[in-house]
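>
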Amino acid sequence: MKTLLVAAIAATAFGVFADEPAPVAAPAADKTAAEAAEEGGDSGFYVEAGVDVLSDYMWRGVILNDNCCWQPSVSIGYNTEDFGGIYFNYWASFDLTHKRNNCAGGGNSRRCMAIQEQDFYVGYTKSFGDFDFEIGWYWYDYPYNGPDHKAGSLGHDLYASLAYNNEFVTPEVALYWSPTTQHGHEASIAYVRFGLSHEFAIDDCLTITPEATLGVGDTAYIQNNTGAYRDNSGMHTELVDQTLTLGASYAVSKWCSISANINYTWIPSRTLRHQRYMTCGDDNHNQQVWGGVNVTFKF
């Protein structure tokens, strides 16, 4: 079934030029709110709402859900002409099937349409010539979907990103820093993502965007994300994940766009491959092809 879905995604991305805007990758949440603030149009208030349907929920090289899921999001922001923009964003991930999530760290509820995760963002964006800067904070929650509906674990990250826009290729660097008081871990953990992308405007409505990203986690990040299933006392800073993406975006109107993307993610660190990082220690799966479609409305 998943093979058919991926094939359909690829067909949409490459063959249907009447349908597609660049994808929301997961957390997807890492990128959507910033793009909403920058693309909100003229100065003033705006609202953006969208939904992704994905073959898998991938996050920094980890499969958090190996079944189909849907991920709605809503952003409310205000853009100024000279002082940048602020935004508030809500994002969530829901099961699309009742199948068990085979990844040990996924927390799938086995209930169709049950919520797996929800995130809340607040951020600020500003352009300086060809440079786009963003800084913000987000809170994420993994609700427990058992019979007693206990609360899930809570976390939060401070993030900042910088991108250089030019006619050749757009480099971007983003830092995610998480203070933590968990027993046995460092006082804080950090993850850095480097990216290269370029938009090819086929016509006034259609855009094709290839992108490559590489994530790096510091020692505390690696230990925090592998400690539940491995003795990781000797692990240090590692190349966490690498993803190649091909996205296609089509502006149906000024207020609506449709997109599709297909991605290939693999774990470049030999240490993390040995530790079964992608599946949280569950098996030796170290690469994944995944993708999805998106519909976005802007007001």
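Residue 0 is where the sequence shown starts when you use numbering that gives the first Met the number 0, and the numbers rise one by one after that.
Cβ coordinates follow ideal geometry from the N, Cα and C atoms, glycine included.
I'd like the span of the alpha helix (DSSP H) that includes residue 225, first residue to last.
On the sequence shown, residue 225 is found 226 positions in, with the first residue counted as 1. Unbroken alpha helix (DSSP H) run through residue 225: 218–225.
> Mind checking who residue 293 pairs with in its DSSP beta bridge?
For the purposes of this step, residue 293 is identified with residue 294 of the sequence shown, where counting begins at 1. Answer is 51, 258, bridged to residue 293.
> Are the CB atoms of residue 242 and residue 274 nearer to each other than 8 Å?
One-based indexing of the sequence shown puts residue 242 at position 243. One-based indexing of the sequence shown puts residue 274 at position 275. No, Cβ-Cβ distance for residue 242 and residue 274 is not below 8 Å.
> Give the range of the beta strand (DSSP E) segment to which residue 192 is assigned.
For the purposes of this step, residue 192 is taken as the residue at position 193 of the sequence shown. Residues 187–196.
> Using a 10 Å radius around the Cβ and a threshold of 16 neighbouring Cβ atoms, would you call residue 221 buried or exposed?
By one-based count along the sequence shown, residue 221 stands at place 222. Buried.
> Taking 8 Å as the threshold, find out whether the region 253–260 comes into contact with the region 213–220 through three or more Cβ pairs.
Counting Cβ pairs under 8 Å, fewer than three are found: no touch.
> On the criterion of 16 or more Cβ atoms from any shown chain inside 10 Å, does residue 247 qualify as buried, or is it exposed?
Translated into the one-based positions of the sequence shown, residue 247 becomes position 248. With 16 or more Cβ atoms within 10 Å of its Cβ, residue 247 is classed as buried.
> Does the distance from the CB of residue 130 to the CB of residue 162 come in under 8 Å?
On the sequence shown, residue 130 is found 131 positions in, with the first residue counted as 1. On the sequence shown, residue 162 is found 163 positions in, with the first residue counted as 1. Contact flag set, yes.
> Can you tell me where the beta strand (DSSP E) with residue 169 in it begins and where it stops?
Mapped onto the sequence shown, residue 169 falls at position 170. Looking at the DSSP string, the run of the beta strand (DSSP E) that includes residue 169 is 169–178.
> To the nearest angstrom, report how far apart residue 93 and residue 66 are at their CA atoms.
Start at 1 with the first residue of the sequence shown, and residue 93 comes out as number 94. Start at 1 with the first residue of the sequence shown, and residue 66 comes out as number 67. Spanning the two alpha carbons is a distance of roughly 10 Å.
> For residue 81, does the count of other Cβ atoms within 10 angstroms reach 16, so buried, or fall short, so exposed?
Start at 1 with the first residue of the sequence shown, and residue 81 comes out as number 82. Exposed: under 16 other Cβ atoms inside 10 Å.
> According to DSSP, is residue 155 helix, strand or coil?
For the purposes of this step, residue 155 is taken as the residue at position 156 of the sequence shown. DSSP places residue 155 in strand when its eight states are reduced to three.
> Starting from residue 264, follow its DSSP beta bridges and name the residues at the other end.
In the sequence shown, counting from the first residue as 1, residue 264 sits at position 265. Paired residue(s): 242, 287.
> Given a cut-off of 8 Å on the beta-carbon distance, is the pair residue 157 and residue 138 in contact?
By 1-based counting over the sequence shown, the position of residue 157 is 158. By 1-based counting over the sequence shown, the position of residue 138 is 139. It is not a contact, given that the beta carbons lie outside the stated cut-off.
> Alpha helix (DSSP H) containing residue 270: first to last residue?
Working through the sequence shown from its first residue, we reach residue 270 at position 271. Taken as a continuous stretch (DSSP letters only), the alpha helix (DSSP H) holding residue 270 covers 269–273.
> Determine the DSSP secondary structure at residue 127, reduced to helix, strand or coil.
As a position in the sequence shown, residue 127 is number 128, starting the count at 1. If DSSP states are grouped into helix, strand and coil, residue 127 belongs with the strands.
> Does DSSP classify residue 71 as helix, strand or coil?
Counting from 1 along the sequence shown, the entry for residue 71 is found at position 72. If DSSP states are grouped into helix, strand and coil, residue 71 belongs with the strands.
> Which residue marks the beginning of the beta strand (DSSP E) containing residue 83, and which one marks its end?
Translated into positions along the sequence shown, residue 83 becomes position 84. Residue 83 -> no beta strand (DSSP E), and no H or E assigned at all.
> Taking 7 Å as the limit between beta carbons, can you name the residues of its chain near residue 188, skipping five residues before and five after?
Start at 1 with the first residue of the sequence shown, and residue 188 comes out as number 189. For residue 188, where only same-chain residues beyond five positions count, the Cβ hits under 7 Å are 177, 179, 217, 219, 220, 223.
> By the 10 Å Cβ neighbour count, where 16 or more other Cβ atoms means buried, how is residue 239 classified, buried or exposed?
Walking along the sequence shown from the start, residue 239 turns up at place 240. Residue 239 is buried by the Cβ-count criterion.
> Identify, in the order they occur along the chain, each residue of the same chain with its Cβ nearer than 6 Å to the Cβ of residue 287, setting aside the five sequence neighbours on each side.
Taking the sequence shown and counting its residues from 1, the one referred to as residue 287 is at position 288. So the list reads 264, once near-sequence residues are dropped.
> Should residue 212 be labelled buried (16 or more other beta-carbon atoms within 10 Å of its own) or exposed?
Mapped onto the sequence shown, residue 212 falls at position 213. Burial call: buried.
> Buried or exposed, going by whether 16 or more other CB atoms sit within 10 Å of the CB of residue 282?
Counting from one through the sequence shown, the residue named residue 282 turns up at place 283. Answer is exposed; the Cβ neighbour count stays below 16.
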